[in-house]
Structure formats: structure tokens, C-alpha cells
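*Asks:* Keeping their order, the protein sequence lines are chains H and B. Be aware that the first sequence starts at 2, since it is given in the numbering used here, and climbs by one per residue. Be aware that the second sequence starts at 2, since it is given in the numbering used here, and climbs by one per residue. We treat Cβ as the ideally placed atom computed from N, Cα and C, and that holds for glycine. This is the structure I want to talk about, given as C-alpha cells.
There are 2 protein chains.
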Amino acid sequence: MESYEFVKDLFQVLGNPTRLKIFDILMTGVHCNCEIADMTGLAINLISHHLKVLQEADLIQSVRSEKDARWIYYSVNEETLRSIQTETEKFFDNNRIINREPVCPPCNKKTNQKE
Amino acid sequence: MESYEFVKDLFQVLGNPTRLKIFDILMTGVHCNCEIADMTGLAINLISHHLKVLQEADLIQSVRSEKDARWIYYSVNEETLRSIQTETEKFFDNNRIINREPVCPPCNKKTNQKE
DNA sequence: TGTATAATTCAATTTGTATTGAACTAATAA
DNA sequence: TTATTAGTTCAATACAAATTGAATTATACA
């Protein structure tokens with residue numbers, strides 16, 4: 002099950018509440034650095050740091066504003082969003098759960114002796 | 002958006018690769034502590050610790066074996082699994098993304114001056 | 001009873017990473 | 001050409017949580 006690798010990277014990045022909050026804000030549409038600062042009360046350099054981590058994980062993207070190139074607009078990567086949907090669905094699919102009896106190497110000997 | 006809270010707790014627990022690996026094993030069916038140890042090569046007490054965290058988050062459950070009550074069987078909580086499916090779907094729903102222009106409090110003044 | 005096994009709990013240590021503060025870069029505007 | 005604003009980068013610190021090892025609990029078996 003290779004969806005484990007995808008989900009592992011995803012959860013590691015979004016497992017941080019601050020980063021998830023920022024991503025949650027971007028899920029509602031394009032925002033700039035200072036908007037996020039205003040909404041969260043976080044230090045601007047801390048936001049920069051987390052945005053970088055999100056961007057390196059391909060979860061978001063950035064463009065400089067046409068109005069004023071000092072401003073940078075951030076938005077979620079919709080292609081990645083589709084992958085998230087399909088991969089998490091695969092990973093948490095309840096059809097993966099099969100009916101079985103635990104057979105651990107050491108315990109197994111004991112069990113067999115019993116029979 | 003209250004799915005944020007659900008997803009936050011979920012990702013915080015499964016954001017740890019070791020814990021996610023254990024959960025991934027349980028997604029394939031019931032396993033006992035020593036089976037997980039055999040499959041992962043992790044210390045038995047470390048597995049115990051992570052299983053406890055997973056259980057406290059209602060992600061898994063445990064029962065003592067009827068064959069030998071020293072053995073404890075672990076399995077994923079299928080009710081929680083359904084919640085995970087619906088809440089993550091909500092959270093990552095691309096319909097949440099609305100078309101907007103960033104309007105940060107400080108930048109906004111500048112923008113208005115320009116017009 | 002006393003010993004072996006399965007698993008947990010506790011305390012100590014290590015490690016990874018979030019956060020903070022200061023310095024730096026890029027673009028605009030007086 | 002200097003000052004201002006927006007944002008990033010870097011180094012240092014703080015903190016939370018993972019890991020390790022030793023002690024403890026619970027059950028089984030001889």
C-alpha cells in the first residue's frame with residue numbers, strides 16, 4: 002500500500018496545528034502573508050517559515066501581486082488537493098480491513114502446542 | 002469550519018510516522034502487540050506507548066484474547082474511520098476555495114489610495 | 001507456590017522542530 | 001538616492017514528544 006508514503010508526508014506537514022490553520026485559511030481562497038498574520042496573530046517571519054514548508058510539500062503556491070510586487074499571494078495547489086482526496090480515501094478505506102486471527106511468531110508456537 | 006478541529010486532532014496523532022505505520026498495519030486487520038513488534042522491529046514498550054496514544058484518540062480499540070488473556074488484540078475503530086472519511090472530505094473539499102482578492106488591513110489602505 | 005511470558009508504566013534522556021529575534025533582500029515611493 | 005514597506009532568511013533558543021531502559025502488573029503454567 003503505497004498510499005502510506007503519501008499520507009505520511011501529508012500528515013507530517015499538516016500535523017502541526019499552526020501550519021494546518023494557515024492551510025485552512027488558504028482553503029477558503031487566495032491570501033497574502035499579512036492577511037494571515039492579521040487572522041492568526043502570528044509573527045510574520047513564523048508565517049513565512051510555515052508557508053515555505055507548505056510550498057516545499059507542493060501543498061500551496063505563490064505569486065507576486067500585479068498591483069504591488071512587494072505583496073505575495075498564496076493559494077492551495079488544486080492538483081495536490083485532488084491527490085489528497087484520492088490517497089486519503091485509499092488509505093482509510095474500510096475494505097482494507099480483513100477478518101483474521103493474530104499470529105505472532107512467539108505466540109504462535111504456544112497456540113499450536115495447545116491443539 | 003469545525004472539521005478543522007477534527008482534522009487537527011487526527012493529523013497530530015497520525016503525523017508521527019511510527020504511529021501511522023502501526024495504524025497502517027491495523028488497517029489490514031486485527032493484530033497483537035508482538036506481531037507489530039515483529040513487523041516493525043520496534044521496542045515492545047514503544048509500541049505500547051503509541052498504541053495508547055492511538056486508543057486515547059479513539060482511533061483503535063483493544064480486547065484480551067480468549068485463547069490466552071495475556072495477549073491483547075488491537076483493531077481500528079470503524080466508527081471513527083467513517084468520521085475520518087467524511088471530515089477529511091469536508092476539509093479538503095475544493096468547493097471551499099472561493100475566488101477573491103487579498104485584502105489585508107495594512108495593504109488595503111495603500112490599495113485604496115492608489116485608486 | 002514459584003517461574004515464565006505478554007504487556008504496560010514510569011523516569012530519564014535524546015531528538016526534532018517550533019518559535020523568537022536580528023539581519024537581510026526586494027520593491028515602492030518620497 | 002534615501003526611506004519605507006513587505007517579506008524572507010539565518011542563528012539561537014525553547015519546548016514538546018519520541019525513544020530508551022528499568023521496574024511493575026497481569027495472566028498462564030509447571
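At a Cβ threshold of 8 Å, is Phe12(H) touching chain B?
*Replies:* For Phe12(H), the answer is yes, since a Cβ of chain B falls inside 8 Å of its Cβ.
*Asks:* Leaving out five residues on either side along the sequence, give the residues of the same chain with a beta carbon under 6 Å from the beta carbon of Cys105(B).
*Replies:* none
*Asks:* Is it buried or exposed, Thr19(B), if we count other Cβ atoms within 10 angstroms and call 16 or more buried?
*Replies:* exposed
*Asks:* Do Ile61(B) and Leu27(B) come within 8 Å of each other at the CB atom, strictly closer than that value?
*Replies:* Here Leu27(B) is near Ile61(B), since their CB atoms are less than 8 Å apart.
*Asks:* So, does the CB of Gln56(B) fall closer than 8 Å to a CB anywhere in chain H?
*Replies:* At a cut-off of 8 Å, the C-beta of Gln56(B) has no neighbouring C-beta in chain H.
*Asks:* Would a C-beta distance cut-off of 8 Å place Tyr74(H) and Ser84(H) closer than the cut-off?
*Replies:* In this structure, Ser84(H) does not lie closer than 8 Å to Tyr74(H) by Cβ.
*Asks:* Would you mind sorting Asp25(B) into buried or exposed? The rule is 16 or more other CB atoms within 10 Å of its CB.
*Replies:* buried
*Asks:* Just the C-alpha distance for Gly16(B) and Trp72(H), rounded to the nearest angstrom, thanks.
*Replies:* 32 Å
*Asks:* Hey, which unbroken runs of the alpha helix (DSSP H) at 4 residues or more fall wholly within the region 3-55 of chain H?
*Replies:* The region 3-55 of chain H contains these whole alpha helix (DSSP H) runs: 4-15, 18-27, 34-41.
*Asks:* Whole angstroms are fine: how far does the CA of Ile48(H) sit from the CA of Gln56(H)?
*Replies:* 12 Å
*Asks:* Report, in whole angstroms, the separation of the C-beta atoms of His32(H) and Pro103(B), which I expect to be a contact under 8 Å.
*Replies:* 5 Å
*Asks:* Return no unless some Cβ of chain H is closer than 8 Å to the Cβ of Glu67(B).
*Replies:* False, the Cβ-Cβ gap to chain H never drops below 8 Å.
*Asks:* Below 7 Å between beta carbons is the criterion; list the residues of the region 18-41 of chain H that meet it against any residue of chain B, in chain order.
*Replies:* Pro18, Leu21, Asp25, Met28, Thr29, Gly30, Val31, His32, Cys33, Cys35, Glu36, Asp39
*Asks:* Who are the Cβ neighbours of Ala38(H) in its own chain at under 8 Å, not counting the five residues just before and after it?
*Replies:* Ala44, Ile45, Ile48
*Asks:* In this structure, how does DSSP classify Arg65(H) when only helix, strand and coil are distinguished?
*Replies:* In this structure, Arg65(H) counts as strand in the three-state DSSP scheme.
*Asks:* Run down chain B in chain order and give the residues with a C-beta less than 9 Å from the C-beta of Ile98(H).
*Replies:* Leu27, Met28, Thr29, Gly30, Val31, Ser76, Val77, Glu79, Leu82
*Asks:* Within 10 angstroms of its Cβ, does Glu90(B) collect 16 or more other Cβ (buried), or is it exposed?
*Replies:* With fewer than 16 Cβ atoms within 10 Å of its Cβ, Glu90(B) is classed as exposed.
*Asks:* Using a Cβ-Cβ distance under 8 Å, would Thr89(B) count as near chain H?
*Replies:* yes
*Asks:* Counting only C-beta atoms, is Asn95(H) closer than 8 Å to chain B at any point?
*Replies:* yes
*Asks:* Determine the extent of the beta strand (DSSP E) in which Ile73(H) is found, giving its start and end residues.
*Replies:* 73-77
*Asks:* Checking contacts by CB at 8 Å: is Leu52(B) closer than that to chain H?
*Replies:* Closer than 8 Å: no.
*Asks:* Should Gln86(B) be flagged as near chain H, meaning a C-beta pair shorter than 8 Å?
*Replies:* yes
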